[in-house]
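Just add 30 to the spot in the sequence shown (first one is 1) and you have full-length UniProt numbering.
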Amino acid sequence: DKGLAQSWTSKGRQYIGTALTIRDDSVEQGIIKSPTDFNSITPENAMKWESTEPSRNNFTFAGADAIIDFADKYKKEVRCHTLVWHSQLPAWVSEGNFDNKTLISIMENHIKNVAGRYKNKCTHWDVVNEALEEDGTYRNSVFYKTIGEAFIPISFRLAAKYAGSKTKLYYNDYNLEYGSAKALGAQRILKLVQSYGVQIDGVGLQAHLTSESTASSGGGVTPDTDTLTRVLRLYADLGVEVAYTELDVRFTTPVTKEKLKAQADAYARVTQSCINVKSCVGITIWGVSDKYSWIPGVFKTEGAALLWDEQFNKKPAYDSMLKRIQKF
Ligand code: G3I
């Protein structure tokens, strides 16, 4: 039977992806290598600033190169992640007290070396990641504090200069899925970059979601399909593509049958909303198995957010996602 990626691409859409950390687990890596479920990968950490330029103008590419080699070998697209982000940003940048001009030259040197090295190898770059607060105002990052909102169009202009003409350039953020102030903030960013006459090709919705009301979700469960569809259109209607870039749906563990069912329904809603919007090109799930996840490290009592359980059995969410794709 056809899997997720095979079914999705047979409907004319671009990719179903997963986050990739290269590690010694032949079962997990085998699922990623197979053409069945995933035809795209996103480096989970290897292309972030702390990994690629840990000290000024000292570039370290072993991890990122390994991801590109993996993609070449197993014929995967690569969503490259991420160029300008306040987190996993080495202290020499975040605490550097650079003036506006110097910080822009540091950004240019970083983007030139990282995006330039993988020129046209990335189908997409997350150029700017997580620039917004929950209320839709700008996050007070070193980039915003030093340069103001112009750091965003400047980042896109530099990415366009070095990433290669085959690469789509994205703004990427989380908690856009609810259609609230933050979602409108991302729309404002899209319009801002467009108003500078600079290339921006898409908005990525990370989609770190939950299937139950918990303190960590701010009380919000994965919205209904209509809300999700409406949010995708906020951006798609401005002429860019959209995608779910880091999907996972967590809940408080331990796992029960009911919780797996609620999770499967949430995955189906997300999948259906992407189906509903023609310029929704793909869905990347933020990992493969519940054995490996960033979630319990951040939300202590939560997890089990992915499509395969810790023993690599497919969960109900896998089946519900596949069924939606097959029906479309
Ligand atoms: O590499 C070190 C290792 O040397 C050390 O021994 C170990 C001990 O803690 O830490 C390792 O670094 C960890 C790194 O992942 C690589 O495994 C960091 O502690 C850990 O914080 C880091 O977490 C990553 C997180 O981003 C950091 O912000 C997750 O793997 C990654 O899934 C997560 O991904 C982000 C996206 O990039 C952006 N959107 C949100 C998403 C989830 O937080």
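Even for Gly, the Cβ is constructed at its ideal location relative to N, Cα and C.
**Asked** Is it buried or exposed for Leu352, if we count other Cβ within 10 angstroms and need 16 for buried?
**Response** Along the sequence shown, one-based indexing puts residue 352 at 322. Burial call: buried.
**Request:** On a CA-only basis, which of Asn75, Gln224 and Trp122 is nearest Phe91? Give me that one, please.
**Result:** Residue mapping note: residue 91 aligns to position 61 of the sequence shown, counting from 1. Ranking the options by Cα distance to Phe91, first place goes to Asn75.
**Prompt:** Span of the beta strand (DSSP E) holding Trp155?
**Reply:** Counting from one through the sequence shown, the residue named residue 155 turns up at place 125. Counting along the chain, the beta strand (DSSP E) containing Trp155 begins and ends at His154 to Asn159.
**Message:** Is the separation between the beta-carbon of Ile97 and that of Pro65 shorter than 7 Å?
**Reply:** As a first step, residue 97 is located in the sequence shown; it is residue number 67 there, counting from the start. As a first step, residue 65 is located in the sequence shown; it is residue number 35 there, counting from the start. For Ile97 and Pro65, no; Cβs fall outside 7 Å.
**Prompt:** Is DSSP giving Tyr322 helix, strand or coil here?
**Reply:** Mapped onto the sequence shown, residue 322 falls at position 292. In the structure shown, Tyr322 sits in coil (DSSP, three-state: anything other than H, G, I, E or B).
**Message:** Spatial neighbours of Asn150 within its chain, please: C-beta separation below 6 Å, excluding the five flanking residues on both sides.
**Reply:** For the purposes of this step, residue 150 is identified with residue 120 of the sequence shown, where counting begins at 1. Cβ within range, chain order: Gly194 and Lys196.
**Request:** Taking only heavy atoms of the ligand G3I into account, decide whether any of them is closer than 6 Å to the Cβ of Asn170.
**Result:** Reading the sequence shown from its first residue, position 140 is the one you call residue 170. No, the Cβ of Asn170 stays beyond 6 Å of every heavy atom of the ligand G3I.
**Asked** If you drop the 5 nearest sequence neighbours on each side, which residues of the same chain put their C-beta closer than 6 Å to that of Asp320?
**Response** By 1-based counting over the sequence shown, the position of residue 320 is 290. Around Asp320: Ala334, Leu336, Asp339 and Glu340.
**Which of helix, strand or coil DSSP assigns to Glu288** = As a working mapping, residue 288 is identified with position 258 in the sequence shown. Correct three-state label for Glu288: helix.
**Item:** Spatial distance of Ile355 from Thr132 (CA atoms)
**Value:** For this step, residue 355 is matched to residue 325 along the sequence shown. For this step, residue 132 is matched to residue 102 along the sequence shown. Each residue's alpha carbon lies about 48 Å from the other.
**Request:** Express the C-alpha separation of Leu290 and Lys345 in angstroms, rounding to a whole number.
**Result:** Translated into positions along the sequence shown, residue 345 becomes position 315. Translated into positions along the sequence shown, residue 290 becomes position 260. Cα to Cα, the separation comes out at about 7 Å.
**Request:** List the whole-angstrom C-beta distance separating Thr252 from Val300, where the pair is believed to meet the contact cut-off of C-beta under 8 Å.
**Result:** Working through the sequence shown from its first residue, we reach residue 252 at position 222. Working through the sequence shown from its first residue, we reach residue 300 at position 270. Yes, they are in contact, since the Cβ atoms of Thr252 and Val300 sit about 7 Å apart, within 8 Å.
**Asked** By how many angstroms is the C-alpha of Glu138 removed from the C-alpha of Val279?
**Response** Position 249 of the sequence shown, counted from the first residue, corresponds to residue 279. Position 108 of the sequence shown, counted from the first residue, corresponds to residue 138. One C-alpha to the other measures close to 36 Å.
**Prompt:** From what residue to what residue does the beta strand (DSSP E) around Gly232 run?
**Reply:** Here residue 232 refers to the residue found at position 202 when the sequence shown is read from its first residue. Counting along the chain, the beta strand (DSSP E) containing Gly232 begins and ends at Gly232 to Leu235.
**Prompt:** So what does DSSP say about Ile52, is it helix, strand or coil?
**Reply:** Position 22 of the sequence shown holds residue 52. Coil, per DSSP.
**Asked** Assuming Asp183 contacts Val157 under a Cβ cut-off of 8 Å, what Cβ separation, rounded to an integer in Å, is found between them?
**Response** On the sequence shown, residue 183 is found 153 positions in, with the first residue counted as 1. On the sequence shown, residue 157 is found 127 positions in, with the first residue counted as 1. Position check: residue 183 holds Pro in this sequence, whereas Asp was assumed. Between Val157 and Pro183 the Cβ distance is about 10 Å, and since that is not below 8 Å, they are no contact.
**Asked** What are the residues that DSSP puts in a beta bridge with His238?
**Response** On the sequence shown, residue 238 is found 208 positions in, with the first residue counted as 1. DSSP lists Asp278 as partners of His238.
**Within-7 Å CB hit, Ile184 to chain D** = Within the model displayed, chain D is absent; a lone protein chain is all it includes.
**Item:** Identity of the residue in Phe342, Leu264 and Phe100 nearest Cys310 by Cα
**Value:** Position 280 of the sequence shown, counting from 1, holds the residue named residue 310. That would be Leu264, whose Cα lies nearest to the Cα of Cys310.
**Request:** Sort out for me which residues DSSP pairs Ile184 with in a bridge.
**Result:** To locate residue 184, count along the sequence shown from 1; it is residue 154. Per DSSP, none; premise fails for Ile184.
**Integer-rounded CB distance, given that Ile313 should sit under 8 Å from Thr304** = Taking the first residue of the sequence shown as 1, we reach residue 304 at position 274. Taking the first residue of the sequence shown as 1, we reach residue 313 at position 283. For the record, residue 304 in the displayed sequence is Cys; it is not Thr. Confirmed, about 6 Å.
**alpha helix (DSSP H) runs contained entirely in the segment 295–353, provided each spans 4 or more residues** = 325–328
**Request:** Please report how far the alpha carbon of Phe68 lies from the alpha carbon of Lys32, in whole angstroms.
**Result:** Within the sequence shown, the letter at position 38 stands for residue 68. Within the sequence shown, the letter at position 2 stands for residue 32. For Phe68 and Lys32, the distance between alpha carbons rounds to 11 Å.
**Prompt:** What residues in its chain sit with their C-beta under 8 Å from that of Arg169, if we drop five residues either side in the sequence?
**Reply:** What you label residue 169 is simply residue 139 of the sequence shown in a count that begins at 1. Answer for Arg169: His116, Glu160, Ala161, Leu162 and Glu163, listed in chain order.
**Prompt:** Is Ser70 near the ligand G3I, going by C-beta to nearest heavy atom under 6 Å?
**Reply:** Translated into positions along the sequence shown, residue 70 becomes position 40. Not under cutoff, so the answer is no.
**Request:** Alpha carbon to alpha carbon, how far is Val285 from Ile141? Give it in angstroms, no decimals.
**Result:** Along the sequence shown, read from residue 1 onward, the residue named residue 141 stands at position 111. Along the sequence shown, read from residue 1 onward, the residue named residue 285 stands at position 255. Distance between the alpha carbons of Ile141 and Val285 is about 42 Å.
**Request:** Check Asp165 in the structure and name its three-state DSSP category.
**Result:** To locate residue 165, count along the sequence shown from 1; it is residue 135. Correct three-state label for Asp165: coil.
**Asked** Which two residues bound the contiguous alpha helix (DSSP H) that contains Leu262?
**Response** Counted from its first residue, the sequence shown places residue 262 at position 232. Taken as a continuous stretch (DSSP letters only), the alpha helix (DSSP H) holding Leu262 covers Thr255 to Ala266.
**Request:** When you get a sec, list the residues whose CB is within less than 7 Å of any heavy atom of the ligand G3I, chain order please.
**Result:** Ala49, Thr51, Glu74, Asn75, Lys78, His111, Thr112, Ser117, Gln118, Asn159, Glu160, Tyr204, Gln236, His238, Glu276, Trp316, Trp324, Gly327 and Val328
**Item:** Uninterrupted beta strand (DSSP E) stretches inside the segment 170–232 (no shorter than 3 residues)
**Value:** 198–203
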